[in-house]
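**Student:** In full-length UniProt numbering, the protein residues as written are 1 to 315.
Virtual Cβ for every residue (Gly too), placed ideally from N, Cα, C.
Computed from a predicted model, the values in this text were never measured in an experiment.
Take a look at this one; I'll ask things after.
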């Protein structure tokens, strides 16, 4: 009987997540869970009456928790969260953004002063938009990545300023382009005293939170104008599969010693670091770069969805 009650509450939690967070109709829920519409309606009502959901889901969905545990064991992760998926890219992304927002909020609720270092990107921006307003004067936020786009404008996916506005935390942007014209220019810029201080703060941060992108024909860095097609093809020819904070790596999680990696101004990743390095990302295009980043210990934490988690666990 207890097992039946537990299973029913899990079904109610899934129905509640689909209805309140993913924005699905009761007809949609009935089809996804393979039940009747009245049954879907009852599950949504049960979710609400049992207090499984308020603003966020409070019920731990066992399938997601099992996948998270398997990912932690497989890749020796310090942290892993897995959001439910219903096969839709939109709801998968929304679930991951919600979990990413909860993660960031939880750290910022700490009464102990901390430093959080941030990457950029769409997943990062979506996660930070889920963080509620709060006052965090004891904490410091620091950018891992240059905030200047190739045309000289501010990056539309800068996360630092947005989170600082939400939290009132002291913040340290990186006032550099992601890539500069030459290794010599890079060497000069990163020796500027204010840049050295920002990089030092980032290096000592308690937590890094980053996005991840694929390197291939659909590379985000190419689409957004940070890389030329020639630069992209050079990296692909030498085995590139992904990037974090502008640093490009191969399928083994090794950073390439060529191309744009010689001109990138962002704080260098630290493979094997004992400090928490969390990546937020999901979707089929992210599987290969995520697997490489996890295998190469570029990151030791992950926020993703069920479909991506299962793909990462498939040999």
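1) I'd like the span of the beta strand (DSSP E) that includes residue 115, first residue to last.
2) For residue 37, which residues from the same chain have a beta carbon less than 7 Å from its beta carbon, with the 5 sequence-adjacent residues on both sides left out?
3) Tell me whether the stretch 144-158 and the stretch 116-132 touch, counting them as touching only if at least three CB pairs, one residue from each stretch, are closer than 8 Å.
4) Would you decide whether residue 213 is buried or exposed? Buried here means 16 or more other CB atoms lie within 10 Å of its CB.
5) Quick check: the Cα distance between residue 51 and residue 13, rounded to an integer number of angstroms?
6) Below 8 Å, how does it come out for the stretch 242-260 and the stretch 166-174: are there three or more Cβ pairs, yes or no?
7) Is residue 314 buried or exposed, if buried means 16 or more other CB atoms sit within 10 Å of its CB?
8) Evaluate residue 228 with the Cβ neighbour count: other Cβ atoms within 10 Å of its Cβ, from every protein chain shown; 16 or more gives buried, anything less gives exposed.
9) Fully enclosed by the stretch 50-97, which beta strand (DSSP E) runs are 3 residues long or longer?
10) What distance in whole Å lies between the Cβ atoms of residue 209 and residue 104, which are believed to be in contact at a cut-off of 8 Å?
11) Which value, in whole angstroms, describes the spacing of the CA atoms of residue 63 and residue 215?
12) Using 10 angstroms around the beta-carbon of residue 138, count the other beta-carbons present and answer buried if the total reaches 16, otherwise exposed.
13) Measure the alpha-carbon distance for residue 349 versus residue 272 and round it to whole angstroms.
14) Are the CB atoms of residue 47 and residue 15 nearer to each other than 7 Å?
15) Contact defined as beta carbons within less than 8 Å: I believe residue 141 pairs with residue 163. What is the distance between those atoms, to the nearest angstrom?
16) Buried or exposed for residue 65, going by 16 or more other Cβ atoms inside 10 Å?
17) From residue 288 to residue 251, what distance separates their C-alpha atoms?
18) Quick check: residue 299 and residue 292, are their CB atoms within less than 7 Å of each other?
19) Quick one: residues in its chain with C-beta nearer than 7 Å to the C-beta of residue 231, no 5 flanking neighbours on either side, listed in chain order?
20) Just list the alpha helix (DSSP H) runs in the stretch 215-260, keeping only unbroken ones of 4 residues or longer that don't cross its boundaries, in chain order.
21) Check residue 178 in the structure and name its three-state DSSP category.
22) Are the beta-carbon atoms of residue 206 and residue 114 separated by less than 7 Å?
23) Identify the continuous beta strand (DSSP E) that holds residue 280 and give its terminal residues.
24) Just verifying my parser: in three-state terms, what is the DSSP assignment at residue 28?
25) Should residue 1 be labelled buried (16 or more other beta-carbon atoms within 10 Å of its own) or exposed?
26) Residue 97: beta carbon under 6 Å from a heavy atom of the ligand NAD?
27) From the DSSP output, in three-state form, read off residue 11 for me.
28) Check for me: the beta strand (DSSP E) holding residue 148 runs from which residue to which?
**Tutor:** Short version:
1) Unbroken beta strand (DSSP E) run through residue 115: 115-118.
2) If you ignore the 5 residues before and after residue 37, its C-beta comes within less than 7 Å of the C-beta of 26, 27 and 30, all in its own chain and listed in chain order.
3) These segments touch.
4) Here residue 213 is buried, its C-beta having at least 16 other C-beta atoms within 10 Å.
5) So the two alpha carbons sit approximately 10 Å from each other.
6) Judged by Cβ distances under 8 Å, the stretch 242-260 makes no contact with the stretch 166-174, as fewer than three pairs qualify.
7) When all chains shown are included, residue 314 counts as exposed.
8) Counting Cβ neighbours within 10 Å, residue 228 comes out exposed, since fewer than 16 surround it.
9) Correct list: 79-83.
10) About 6 Å separates the beta carbon of residue 104 from that of residue 209, a gap short enough to meet the 8 Å contact definition.
11) Approximately 30 Å, taken between the alpha carbons.
12) Per the 10 Å Cβ criterion, exposed.
13) Beyond the ends of the chain as shown, which are 1 and 315, falls residue 349; an answer cannot be given.
14) The answer is yes: Cβ separation under 7 Å.
15) Sure, about 6 Å apart at Cβ, within 8 Å.
16) Exposed, because fewer than 16 other Cβ atoms sit within 10 Å of the Cβ of residue 65.
17) Inter-residue distance for residue 288 and residue 251 is about 7 Å (C-alpha atoms, whole angstroms).
18) It is not a contact, given that the beta carbons lie outside the stated cut-off.
19) Beyond the five residues adjoining it in sequence on each side, residue 231 comes within less than 7 Å, by CB distance, of 259 and 260 in the same chain, given in chain order.
20) Uninterrupted alpha helix (DSSP H) stretches at least 4 residues long and entirely within the stretch 215-260 occur at 220-223 and 229-237, given in chain order.
21) Of the three classes helix, strand and coil, the one that applies to residue 178 here is coil, per DSSP.
22) In contact: residue 206 and residue 114 (Cβ atoms closer than 7 Å).
23) Counting along the chain, the unbroken beta strand (DSSP E) around residue 280 starts and ends at 276-280.
24) Helix.
25) In this prediction, residue 1 scores a pLDDT of 41, lower than 50, which makes its location untrustworthy; the coordinate-derived value is nonetheless stated afterwards. Under the 10 Å beta carbon count, residue 1 is surrounded by fewer than 16 other beta carbons and is classified as exposed.
26) Among the ligands in the structure shown, none appear at all, so the ligand NAD cannot be discussed.
27) DSSP places residue 11 in helix when its eight states are reduced to three.
28) Under the DSSP assignment, residue 148 falls in the beta strand (DSSP E) whose first and last residues are 140-148.
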